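The sequence shown begins at 79 in my numbering and counts up one residue at a time.
C-beta atoms are modelled at their ideal positions from N, C-alpha and C, and glycine is treated no differently.
In this text the structure is predicted, and so the values were computed from the model without any measurement.
Notes follow once the structure below has been shown.
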Amino acid sequence: MAGSSHGHTPAAWTGVTIAFIGFCVSGAFMVLDQPAGFWAGLGVVGLGGVIGWVMSAMGMGQPKDAHKALLMSQEREAAGVKG
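Right, here's the structure in full:
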């Protein structure tokens, strides 16, 4: 798990936290039957995704090479199991 590039970065944590807060707000307003609050919460969910993407573009996400290295190691392990 440690070498799995699972997204433990400031960009990922920030984006997911904001999206989760938006999800909770949207759910609360849905129960309260307040459509404006519901849609505002969904807007916050989208904002979380945008903020995570922007932070990743600013260098606070995983490096691009991390995904290639992970895929190569998985292919090697799979080839070793077959052999």
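Neighbour-count burial assignment, residue i, 16 or more Cβ in a 10 Å radius
i, result
"Thr95", "exposed"
"Gly105", "exposed"
"Ala97", "buried"
"Ala114", "exposed"
"Ala89", "buried"
Residue of the options minimising C-alpha distance to residue i
i, options, result
"Gly121", "Met136, Pro88 and Val103", "Val103"
"Gly124", "Met108, Gln140 and Thr92", "Thr92"
"Phe101", "Gly126, Ala90 and Pro88", "Gly126"
Own chain, CB closer than 7 angstroms to residue i, minus 5 neighbours either side, in chain order
i, result
"Ile99", "Val122"
"Phe107", "Gly115, Phe116 and Gly119"
For residue i, three-class secondary structure by DSSP
i, result
"Thr87", "coil"
"Pro113", "helix"
"Gly165", "With the chain represented from 79 up to 161, any question about residue 165 goes unanswered, as that position is not in the structure."
"Ile96", "helix"
Cβ-based neighbour list, residue i, same chain, cut-off 6 angstroms, excluding 5 preceding and 5 following
i, result
"Gln112", "none"
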